[in-house]
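A short write-up of the structure that comes next.
Numbering (our numbering), first residue to last: 1 to 114.
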């Protein structure tokens with residue numbers, strides 16, 4: 001009988017720990033960066049979500065190591081940044097987003113060729 005109670009107690013603790021870990025994952029900062037082209041225009045988008053967090057971010061468009069455009073913003077729980085810039089066909093561009101959510105750093109990058 002004591003073994004059954006001990007086993008049940010252990011199972012409850014394991015379940016509680018799993019629920020805690022899943023709750024922490026749900027609050028993680030999730031940046032999503034999109035770079036698309038149409039003609040000579042680059043369309044830049046970033047979506048950053050972090051439930052209940054104060055979010056500050058900067059989105060930067062680069063050609064090689066040269067910054068050619070940037071956008072920034074701040075919000076709570078979700079931040080959407082959008083911008084467009086004239087680019088050169090045949091060139092490769094990188095879109096980066098970086099910032100903080102409640103003081104914790106995040107970043108994401110994508111690249112594409114016009």
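All C-beta atoms in this analysis are idealised placements derived from N, C-alpha and C, irrespective of residue type, glycine included.
#1: Taking residue 85 and residue 46 to be in contact with their CB atoms under 8 angstroms, please state how far apart those CB atoms are, rounded to whole angstroms.
#2: Measure how close the beta-carbons of residue 101 and residue 34 come, nearest whole angstrom, since I'm counting them as under 8 angstroms.
#3: Among residues of its own chain, excluding the 5 on either side of residue 65, which ones have a beta-carbon nearer than 7 angstroms to its beta-carbon?
#4: Mapping DSSP to helix, strand and coil, what is residue 87?
#5: Tell me, please, which residues DSSP counts as bridged to residue 73.
#6: Rank 79, 83, 57 by C-alpha distance to the C-alpha of residue 51 and give the top, closest one.
#7: Run through DSSP, which three-state label would residue 65 get?
#8: Please state the DSSP three-state secondary structure of residue 115.
#9: What residue does the beta strand (DSSP E) around residue 40 start on, and which one ends it?
#10: Quick one: grab the DSSP three-state call for residue 103.
#11: Check whether chain B comes within 8 angstroms of residue 82, counting only Cβ atoms and requiring the distance to be less than that.
With the given structure in hand:
#1: Not a contact, Cβ separation roughly 14 angstroms.
#2: The Cβ separation is near 19 angstroms, so there is no contact.
#3: Correct list: empty, nothing qualifies.
#4: Three-state result, residue 87: coil.
#5: Beta-bridge pairing links residue 73 to 57.
#6: The residue from 79, 83, 57 with its alpha-carbon nearest to that of residue 51 is 79.
#7: In the structure shown, residue 65 sits in coil (DSSP, three-state: anything other than H, G, I, E or B).
#8: Since the first residue shown for the chain is 1 and the last is 114, residue 115 is missing from the structure and cannot be characterised.
#9: Per DSSP, residue 40 belongs to no beta strand (DSSP E) and is neither H nor E.
#10: Three-state result, residue 103: coil.
#11: Structure shown: chain B not included; a single protein chain is present.
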